[in-house]
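A.B. asks:
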Amino acid sequence: MCYIGTVMCCRHMRYNHCFETDPADPICEDYRDMQKILNQRRDRNTDRYAVTNFLLTALFPLFIVCMAELNQDKYPSKLILFCAERPSVMIFNVLMAALIFGMLLLLFKRGWRAMAVQSFVYMLLSVIELFKFGTNGNHLLLSDMKLANSLKSISSFAYIQITPQLITYLLVVAVYVVAAFWFNPRQRLKLSRRLISAGVCLATFAAIVAVPGVSSTVYGLFDVDTSEADNTFQLNEKFNNNSFLAFFVQTTSEGLANRLREPEGYDPDAIQTMLGGDVDQTGQNGKEQPNVIVVMSEAFADFRPVAKQLGLQTNAYKQFDTIGTEGYKGTAVVPTFASFTVRTEFELLFGLPVRSLNDPNMPQQLMEDRPQPTLARYYKENGYATAYVHPFLSTFYNREEVYSNFGFDTMLFEDDFTVDVNYYGAYIDDETVFNQILKLVQDTDQPLYLHTTTMQNHQPYNKGEDPDAEFDNYLTWIARTGDSLRAFTNALKKLDEPTIVLFVGDHFPSLKGEDSVYDQLGINGDNCQVLYEQSYYLWSNYKLDYSGVPDTELSAFYLPYVVMDLAQIPRDSYLQRMHDKMQSLPVYATNYDPDGARDSMLDMLTYDRICGEDLSGQELIEKTEPETTD
């Protein structure tokens, strides 16, 4: 057996090198003969099976659309029902697939090659959609492709399940392509005509996707759902109305049409006018200089206000209630649900609304590669050391590279911890994070401003399909966070350093299943605003007056200004204007108040600092960015 295998391996190697080594080799001649015979048979099949080739070519767009959709619906009955209820959308899907296939067929000439390329792309997108929705309950958008360089990080928590249905559908597609390879349909037009025709197909497809006037007309003609979806639940409803392919195409059109543009009237004079006016320095003497610790807790959420119908009885929040009694408990409005932690993180680091950037999933992707006017720099200006701690991969969301512009003196990721590291589930636990923070506080001579984004409570919450077990696991983890937070505050009480702690969750957790907690609560696109409300906690190890904290709901981007006031950080004109806006417009979030009017001041200042010339933050950057020598 070994000998035979060796001979076969050698023959294979000789086949691969026939035309490079010894063309006269008998084995090479045999290989060329077999290849010639195969090609001759396939060439004969082109004409001999003309009807078969016509059907293979004509039916391919319908076939690949059906396979991509079946991969989402799991069973044919659901697809048949969709076709019956939304036939025009299905026709739209097939026509869009036909445009792509026509272009590929004209370019590649051989039918099987065009089918192979389109099948690979369509099924890859379909599989990514399947796994993404299974991971966090959100559907695939074109903007998600920006996470391609974070695949290693995503794979550590992604819900990837290779089912018999998935394997079956992929095999069926492969068989179709192999059949096309054998029967060999091909395009016989001259090169010039093929290129012109391919260009027409591409231009038509691009116009439908990227030209608003064309998009709206075509989508209206085929009854594609183009309704505004301001939250995850509305997007899910839109997905069900449009199917996978139409949803992906339409949301791509929507994203292109709504991409961020320079605000009307943006110029230095407009910025100067906005920042004009008096600055109130009452109580902002900068003498106290307490440590400021901002804890953004992964997936923390208090379900008690929304889960009465579940009969929820739990002690998971006991320690949080204690901390709220000792300090202050309020309600923050966060800009995301179940995923895209960096949306809330952006608001807490910059004190700016995601809405003003047209609600991107990853606002950091819009930033210019330059020193950024983060709130950390205000602390640096006032004599603080600054630190960022995240117990996960530095490459996820490209944090290490992007955040290096944020003004942090120290950045620690999972491989940088200097304390004993313990895991709870798949991730470094919160106790380890708090121990690391304590060490940084103790080792830093200056007052410390620190932001941490935790990981302990990140999905997945179980390995099964039982949503009740999933929810129970989640509450167990939350209770553990509460215990760790309480131990942390008790340790801070023993330190002879005044310290303020802000604790807030980034978003509600992703809890899935056909009978998920959110389904049991009757949550839909019209009543899901409550899932964007997060309890936040302010606590200090010294006597602190919380009477100045607004007693209404606040967008998360205002919380840093609340903390800065408590820490007595002196205000400049920018901080004053943001404080004034907090009083007049306490919530500015699309998903929470989709009908609320846009605010020109917030939009212009956000654009200026993130994408524009940074006219409002230049002085801050100059004061806090170390000089570099050539």
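Going by the working numbering, the sequence shown opens with residue 159, and the numbers climb by one from there.
Don't be surprised by glycine CBs; every beta carbon is placed ideally from N, CA and C.
Please read these numbers as outputs of a predicted model, since none were measured by experiment.
By DSSP, does Glu691 sit in helix, in strand, or in coil?
C.D. replies: Three-state result, Glu691: strand.
A.B. asks: Given Val335, which residues of its chain have a CB within under 7 angstroms of its CB, disregarding the five upstream and five downstream residues?
C.D. replies: Once the five neighbours on either side are set aside, the close Cβ partners of Val335 are Trp270, Met273, Ala274, Ser277.
A.B. asks: The beta strand (DSSP E) spanning Lys487 covers which residue range?
C.D. replies: Note, Lys487: beta strand (DSSP E), 486-491.
A.B. asks: Give the C-beta separation of His609 and Tyr585 to the nearest angstrom, bearing in mind that I take them to be a contact with Cβ-Cβ under 8 angstroms.
C.D. replies: Rounded, the Cβ-Cβ distance is 18 angstroms, inconsistent with contact.
A.B. asks: Should Tyr765 and Pro421 be called a contact, given that it needs their Cβ atoms to be closer than 8 angstroms?
C.D. replies: Closer than 8 angstroms, so yes.
A.B. asks: Is the number of C-beta pairs between the region 712-722 and the region 732-748 that are closer than 8 angstroms three or more?
C.D. replies: A contact exists between the region 712-722 and the region 732-748.
A.B. asks: Kindly identify the DSSP beta-bridge partner or partners of Tyr582.
C.D. replies: Paired residues: Tyr585.
A.B. asks: Between the region 527-538 and the region 701-713, do three or more beta carbon pairs fall short of 8 angstroms?
C.D. replies: At 8 angstroms Cβ cutoff, the stretches do not touch.
A.B. asks: Whole angstroms is fine: what's the gap from Phe564's alpha carbon to Phe266's?
C.D. replies: Looking at the two C-alpha atoms, the distance is approximately 48 angstroms.
A.B. asks: How many Å lie between Pro529 and Gln776 at the Cα?
C.D. replies: Looking at the two C-alpha atoms, the distance is approximately 10 angstroms.
A.B. asks: By DSSP, does Asn449 sit in helix, in strand, or in coil?
C.D. replies: Strand.
A.B. asks: Using the Cα positions of Pro370 and Leu360, report the straight-line distance between them to the nearest angstrom.
C.D. replies: Rounded to the nearest angstrom, the two C-alpha atoms are 17 angstroms apart.
A.B. asks: With contact counted as at least three CB pairs below 8 angstroms, one residue from each stretch, are the region 410-418 and the region 237-251 in contact?
C.D. replies: Result no; under three Cβ-Cβ pairs closer than 8 angstroms.
A.B. asks: Please identify the residue among Ala255, Phe478, Tyr746, Pro448 whose C-alpha is closest to the C-alpha of Val367.
C.D. replies: Per the Cα distances, Ala255.
A.B. asks: Does the beta-carbon of Ala216 have 16 or more other beta-carbons within 10 angstroms, so that it is buried, or is it exposed?
C.D. replies: Flag for Ala216 reads exposed.
A.B. asks: Near Val127, which residues of its chain fall below 8 angstroms by C-beta distance, leaving aside the five closest residues on each side in sequence?
C.D. replies: Residue 127 lies beyond the residue range present for the chain, which begins at 159 and ends at 788; the question has no answer from this structure.
A.B. asks: Going by beta carbon distance, what residues of the same chain come within less than 6 angstroms of Val675, once the five residues before and after it are set aside?
C.D. replies: Phe629, Leu669, listed in sequence order.
A.B. asks: So is Pro463 buried or exposed if we call it buried at 16+ other beta carbons inside 10 Å?
C.D. replies: Label assigned to Pro463: exposed.
A.B. asks: Of the choices Arg729, Leu724, Gln678, Arg756, whose alpha-carbon is the least far from that of Lys466?
C.D. replies: The shortest Cα separation from Lys466 among Arg729, Leu724, Gln678, Arg756 belongs to Gln678.
A.B. asks: Are there three or more Cβ pairs, one per stretch, closer than 8 angstroms when the region 484-503 is compared with the region 466-475?
C.D. replies: Verdict: no, contact absent.
A.B. asks: Determine which residues share a DSSP beta bridge with Ser713 and list them.
C.D. replies: Paired residues: Val491.
A.B. asks: In whole angstroms, give me the CA-to-CA distance for Asn229 and Leu329.
C.D. replies: Taking the straight line from one Cα to the other gives about 12 angstroms.
A.B. asks: Determine the DSSP secondary structure at Met736, reduced to helix, strand or coil.
C.D. replies: Correct three-state label for Met736: helix.
A.B. asks: Please tell me whether Thr544 and Phe566 are closer than 8 angstroms, where the distance is taken between their beta carbons.
C.D. replies: The answer is yes: Cβ separation under 8 angstroms.
A.B. asks: Locate the alpha helix (DSSP H) running through Gly423, then write down its first and last residues.
C.D. replies: No alpha helix (DSSP H) contains Gly423, which DSSP labels as neither H nor E.
A.B. asks: Considering only residues of the region 390-434, which uninterrupted alpha helix (DSSP H) runs meet the minimum length of 4 residues and lie entirely inside it, listed in chain order?
C.D. replies: Listed in chain order, the complete alpha helix (DSSP H) runs (minimum 4 residues) inside the region 390-434 are 390-415, 426-432.
A.B. asks: Mapping DSSP to helix, strand and coil, what is Ser472?
C.D. replies: Note that residue 472 is Thr in the sequence shown, not Ser. Residue state, collapsed to three classes: coil.
A.B. asks: Just confirm the distance between the C-beta atoms of Asn394 and Asn203, as a whole number of angstroms; I'd bet it's less than 8 angstroms.
C.D. replies: Going by Cβ atoms, the distance from Asn394 to Asn203 rounds to 46 angstroms, so no, they are not a contact pair.
A.B. asks: Check Leu507 in the structure and name its three-state DSSP category.
C.D. replies: It is helical.
A.B. asks: Where DSSP assigns a beta bridge to Ile658, which residues make up the other side?
C.D. replies: DSSP, once it has assigned bridges, lists Val450, Ser698 as partnering Ile658.
A.B. asks: Does DSSP put Val367 in a helix, in a strand, or in coil?
C.D. replies: Val367: helix per DSSP, three-state reduction.
A.B. asks: Would you please state the rounded distance, in angstroms, between the beta carbons of Met261 and Met225? I believe it to be under 8 angstroms.
C.D. replies: Not really, about 20 angstroms apart at Cβ, beyond 8 angstroms.
A.B. asks: Determine the direct distance from the alpha carbon of Ile768 to that of Ala291, and round the result to whole angstroms.
C.D. replies: Checking the sequence, you will find Phe at residue 291 rather than Ala. Taking the straight line from one Cα to the other gives about 30 angstroms.
A.B. asks: Can you tell me the Cβ-Cβ gap for Tyr555 and Val591, rounded? I've got them flagged as a contact below 8 angstroms.
C.D. replies: Tyr555 to Val591, Cβ: 18 angstroms. No contact.
A.B. asks: Is Leu763 buried or exposed, if buried means 16 or more other CB atoms sit within 10 Å of its CB?
C.D. replies: Counting Cβ neighbours within 10 Å, Leu763 comes out buried, since at least 16 surround it.
A.B. asks: Short check: CB of Leu643 to CB of Leu696, under 8 angstroms?
C.D. replies: Contact flag unset, no.
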